[in-house]
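Read the structure below first, then the notes.
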Amino acid sequence: MKYLTFALAKGRLAEQTMDLFEKINMPCEEMKQKTRKLIFVNEELKLKFFLAKASDVPTYVEYGAADVGIVGKDTILEEERNLYEILDLNLGKCDIAVAGKPENREMIKTMNHIRVATKYPRIAKDYFDKQHRTVEVIKLNGSVELAPIVGLSDVIVDIVETGSTLKANGLEVFEKFCALSARVIVNRGSMKMEHKRIMDIVDKMKEVIK
Ligand code: PRP
């Protein structure tokens with residue numbers, strides 16, 4: 006039997022994803038330990054797991070280096086990879102929002118040229134395109150909330166979960182425009198070749214998240 010390989014997103018979703026695998030009796034115990042090792046094998050069930058940067062998970066899945074991936078909808082939208090999205094796990098729920106300094110809330114409605122800092126340039130551009138607004142999108146890789154504070158941008162487009170990062174930095178949500186959660190994604194070829202194995206696992210996940 007061939008190994009079935011799972012790419013899991015590091016960061017905010019990692020723990021919940023590993024708990025989910027535990028609940029469906031596919032534990033990846035070793036992954037919870039602090040180690041520099043990158044890939045973990047369950048010989049008995051012929052499974053492999055690895056943790057990757059969230060934005061890389063759809064890439065591994067599209068190319069078939071992983072059969073299945075677990076990653077946030079934000080990353081799926083931003084990466085636009087050729088793959089199947091087959092299940093909403095309802096984990097890691099949050100939103101994508103436009104946010105900024107409270108005093109800029111009204112001003113940005115009429116400004117001709119808005120600077121937007123974000124980890125999600127495609128999502129941000131799509132949002133403002135739909136509103137027929139011309140924006141300059143500045144790509145950042147983290148701590149996006151800094152941008153309006155230090156004058157890099159007028160607003161940000163970023164994930165808001167509890168809102169505490171915005172609050173702690175004197176910023177507020179202007180508009181939430183996209184609800185997010187963790188999704189199961191599958192390589193197109195694997196979906197054909199390993200259909201039963203994959204769907205059995207997905208069915209178990211559905212049971213657990215019910
Ligand atoms: C995310 C996001 C916000 C924060 C939102 O960043 O980009 O900064 O979490 O969460 P909250 O509403 O619960 O405060 P993450 O922690 O993934 O790190 P990063 O900023 O380094 O990307």
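End of the sequence shown sits at 215 in the working numbering; the numbers just go up one at a time, nothing left out. Backbone N, C-alpha and C fix where the C-beta goes; we use that ideal spot for every residue, glycine too.
Exposed or buried, what is ALA184 when buried is set at 16 or more other beta-carbons lying within 10 Å of its beta-carbon? Exposed: under 16 other Cβ atoms inside 10 Å.
Same chain, Cβ closer than 6 angstroms to LEU43, neighbours up to 5 away in sequence not counted: Excluding residues within five positions, the ones whose Cβ falls inside 6 angstroms are PHE55.
DSSP three-state label for LEU157, please. Look at LEU157 here: in three-state DSSP terms it is coil, with no helix or strand label.
Rounded C-alpha distance that separates PRO63 from LEU145: Each residue's alpha carbon lies about 20 angstroms from the other.
So does GLU166 have its beta carbon nearer than 6 angstroms to some heavy atom of ligand 1? Yes, the beta carbon of GLU166 sits closer than 6 angstroms to at least one heavy atom of ligand 1.
Would you kindly check if the distance between the Cβ of PHE179 and the Cβ of VAL103 is under 7 angstroms? Yes. Within cutoff.
Measure the alpha-carbon distance for ILE119 versus ASP72 and round it to whole angstroms. Cα-Cα distance, rounded: 40 angstroms.
CYS33 versus ARG41 - alpha carbon distance: The alpha-carbon atoms of CYS33 and ARG41 are separated by roughly 15 angstroms.
I need the straight-line Cα distance from LEU88 to ILE81, nearest angstrom please. Using only the alpha carbons, I get a separation of about 9 angstroms.
Less than 6 angstroms between the CB of THR170 and some heavy atom of ligand 1, yes or no? Yes; taking the cut-off as 6 angstroms, the Cβ of THR170 has a heavy atom of ligand 1 nearer than that.
Same chain, Cβ closer than 8 angstroms to LEU18, neighbours up to 5 away in sequence not counted: For LEU18, where only same-chain residues beyond five positions count, the Cβ hits under 8 angstroms are ALA59, ILE75, VAL76, GLY77, LEU96, GLY97, ALA187.
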